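Quick notes on the structure that follows.
Number of protein chains: 2
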Amino acid sequence: MKRKITLKQIARELDVSISTVSKALRNSSEISEDTREKVQAFAKLYNYRPNNIALSLKNRKTKTIGIIIPEIVHHFFSKVISGIELVANKKGYNVIVGLSNESFDKEVINMEMLANGSIDGFILSIAKETLLQQDYHHFNETISQGMPIVMFDRIVNDIKCDKVIVDDVKGAKKAVAKLIENGCKQIAIITTKDYVSVGRLRTQGYLEALEDHKIHPKASLILKVDDKLVSEDYLDVLENEIEQLFKQNKKLDGVFAVNELYAITAMKVARKFGKHIPNDVQVIGFTDGVLSKHATPSLTTVSQHGQKIGEKAAELLIHKLEHEEEEERFQTVIIETDLIERDSTK
Amino acid sequence: MKRKITLKQIARELDVSISTVSKALRNSSEISEDTREKVQAFAKLYNYRPNNIALSLKNRKTKTIGIIIPEIVHHFFSKVISGIELVANKKGYNVIVGLSNESFDKEVINMEMLANGSIDGFILSIAKETLLQQDYHHFNETISQGMPIVMFDRIVNDIKCDKVIVDDVKGAKKAVAKLIENGCKQIAIITTKDYVSVGRLRTQGYLEALEDHKIHPKASLILKVDDKLVSEDYLDVLENEIEQLFKQNKKLDGVFAVNELYAITAMKVARKFGKHIPNDVQVIGFTDGVLSKHATPSLTTVSQHGQKIGEKAAELLIHKLEHEEEEERFQTVIIETDLIERDSTK
DNA sequence: ATTCGTAGCGAAAACGTTTTCGTGTTAACA
DNA sequence: TGTTAACACGAAAACGTTTTCGCTACGAAT
């Protein structure tokens, strides 16, 4: 077991100083060609690589990005990571991920763990619990220590950082408009409680689309699911609530769901009630993941381009890291959604 | 913007030496109660946190684990990460992830990027391209530099490291035995080319199950899909091949697929041929992900417990990191699979 | 012969810690 | 009074780099 070789060891072996070795390896003109070649040959032979930690300490840059997300077993989030990793890697950065599990405490702990020098900046999406408690001191403290943050998807507006979001309102509006154009008269929305910003915004889009087409919203058509519960029978509860929705609205002929799971569950329930999709009921979901693609019938969805969101977030962060001299101004980038039409709509 | 405070700054402010501050904060008995309290109060006020990078350099430990996986947008892998993160975090470790995208070069580059001091050890699953080329020098080099590796799922045997695998043979065997017990006479397997070890092993399990029940394997019932192609029409190609399978075997009444996608595609094709599931054809998949759970009908699968694999891998690695004095011996832990029965079997 | 410039290299500081090994002061003891 | 022990603290090294500055020696210029 040969430990990694250091400058000091090379210096000792070749009987020169550490500075000489360092300079020789970086092709400094201070060093004679003789010495340079000698050092470089030796370094190559022993496969010398500068120690990253030492470099980080010296440069006070780690070339590492910290990602904090609520969960990783989730198509959207892993797509985002994928995008971040892509551009980060291209620019010589590593990514280190922390999971909050939707918990405020874990979010705080994770951030503290990383903020002490391990990383240069954060890319994150806020935990539900944090959104609920509306306690954002950890973000503000991190920022005030000079560590930039980029938020995506689940954001809160009055924090001084760049943000990458999807136009939830517009995306939802597009989807619901599609349903209306396809002839749906009674369109339900299955959404989350309002404290989840994306749920709230998509609901808003739903309402706006109705309004645009002079349709009066009906309270019984709006189902706000409480997704705080992560219990085992969560799925049953969900299914039950959706069944109620169908029972209360016999003439339901369109469903807009704010995520994949709600959408396919709605399809399942519809089938249970003997409705054919898309002939009797048309369904559109939000977030284009594996489920939508491979469901039967395949699901028409609003794609939010998770990969692109990740790429953009990484670009914003790295730009900020490498142009600290620029005056501070923060942008909110909106990634356009696309409606991907499949077989759950006509 | 107040930069993070350091020992040196505290020392200067309180007019004591750096060592005194350090000791005071670590409650050394060398320091008088007076000074200790003074220092701790000051440190708390300014929210002092030791700089991780400096600690890493000093201790030559980063308390960080490097993960290299082929892709992250994949239920199994994200489950594994989830498990790793869980136990890593509990033990004060961070995780830093690199994606190989199934490419040999990216795998090598990623490992080199992390091996220079950024992490203490690796947990990884080998890229397909690497398995194909059978070039494992980067693993061996890393190990010979004293950096432990734990491999999971896609492993290669003759590398000196701990391994966590699923009993692919046994899992497959269980599944196929189930089909046989359920009355299937003509059982097909949809698998990958043999260089992917998990595909090979699951095929082996399939054959063993048949043999156990005195059933002669038929070549036409074995479909080895080439999943090197990641093209856009990959799905179509897959579907086509499976259609051929059904056409060539009119009396096909059972399908064992080595992953979710193959399984639900098989269900799709079966439906297309007018076969009812599970009455006419029963299907079992491998890897219990979202697709299986939410497919219609829901899919009976062999669950490989990705989370548990991750947890075990992390435990092995951390143990090795924290007990370097122990004699070197490497274990291969086998995580048992479970057959999760759902609606695609009788 | 003296000054100057320059090529080639080394010493040392700095990044932020921890830890070992002094060192000075005071109190206790012979 | 002189010795010792305990106490409280500081200096410095070390982790592995990069970089600034200084030094030496030698050839060229005056």
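Line order of the protein sequences matches chains F and R. Counting along the first sequence from 1, when you hit position 61 you're at 61 in the UniProt record's numbering, and nothing is skipped either side. Counting along the second sequence from 1, when you hit position 33 you're at 33 in the UniProt record's numbering, and nothing is skipped either side. The C-beta atom is built at its ideal place from N, Cα and C for all residues, glycine as well. As the structure is a computational prediction, the values presented were derived from the model and not from experiment.
Around the beta carbon of ASN279(R), fewer than 16 other beta carbons lie within 10 angstroms, which makes this residue exposed. Going by C-alpha positions, LYS173(F) is about 10 Å away from ILE180(F). Under the Cβ criterion of 8 Å, ILE18(F) is not counted among the residues facing chain R. ASP162(F) carries a strand assignment under DSSP once its states are collapsed to helix, strand and coil. Within the same chain, SER125 come within 6 Å of ASP153(F) by CB-CB distance, once the 5 residues on both sides are set aside. Any Cβ of chain R closer than 8 Å to the Cβ of LYS272(F) would place that residue at the interface, and such an atom is absent.
Interface with chain R (8 Å Cβ-Cβ cutoff): ARG202(F) is excluded. Assignment of VAL258(F) by DSSP, reduced to helix, strand and coil, places it in the coil class. Around SER17(R), the same chain offers ALA11 as residues with beta carbons nearer than 7 Å, after the five sequence neighbours per side are excluded. For PHE330(F), there is no enclosing alpha helix (DSSP H), as DSSP gives it neither H nor E. The DSSP-derived three-state label of THR337(R) is coil. Rounded to the nearest angstrom, the gap between the Cα atoms of GLY98(F) and ALA175(R) is 36 Å. Restricting attention to alpha helix (DSSP H) runs no shorter than 4 residues, the region 261 to 300 of chain R encloses them at 290 to 294, ordered along the chain. Within the same chain, and ignoring the five residues on either side of ALA257(R) in sequence, the residues whose Cβ sits closer than 6 Å to its Cβ are ILE190, ALA263, ALA266, GLY285.
Residue THR300(F) holds the alpha-carbon nearest to the alpha-carbon of LEU339(F) among ILE277(F), THR130(F), SER32(F), THR300(F). Within 10 angstroms of the beta-carbon of THR332(F) lie fewer than 16 other beta-carbons, which makes it exposed. Within chain F, the C-beta atoms nearer than 8 Å to that of ALA54(R) come from LEU57, GLY117, in chain order. For PRO278(R), no chain F residue has a Cβ inside 8 Å of its Cβ, as the nearest lies near 15 Å away. Inclusion of ASN249(R) and SER220(R) in the CB contact set at 8 Å is warranted, their separation being smaller than that value. Per DSSP, the continuous alpha helix (DSSP H) segment holding LEU245(R) begins and ends at 234 to 248. A Cβ-Cβ contact shorter than 8 Å links PHE139(F) with ILE159(F). Under DSSP, ALA188(R) shares a beta bridge with VAL255(R). In the displayed model, ILE31(R) falls within coil according to three-state DSSP, outside both helix and strand.
Using a Cβ distance threshold of 8 Å, ASP253(F) and LYS193(F) do not count as a contacting pair. Relative to the Cα of LEU201(F), the nearest Cα in the group LYS106(F), LYS23(F), PRO70(F), VAL156(F) belongs to VAL156(F). Put simply, the backbone Cα of ARG36(F) is about 23 Å away from that of ALA54(F). Here ASN94(R) carries a strand assignment [DSSP, helix/strand/coil]. Listed as beta-bridge partners of LEU99(R) by DSSP are ILE69(R). In the three-state DSSP reduction, ILE18(R) falls in the helix class (H, G or I).
A check of alpha carbon separations from GLY92(F) across GLU328(F), GLU315(F), GLU325(F) identifies GLU315(F) as the nearest.
In this model, LYS268(F) and ALA188(R) are separated by some 29 Å (Cα to Cα). A direct Cα-Cα distance of roughly 28 Å separates ASN240(F) from GLN282(R). Closer than 8 Å to the CB of ASN94(R) there is at least one CB belonging to chain F. Collapsing the DSSP output to three states places GLY310(F) in a helix. For SER82(F), the CB contacts under 7 Å within the same chain, skipping 5 residues up- and downstream, are GLN307, GLY310 in chain order. Between GLY117(F) and ASN51(R), the beta carbon gap of about 4 Å places them in contact (Cβ cut-off 8 Å).
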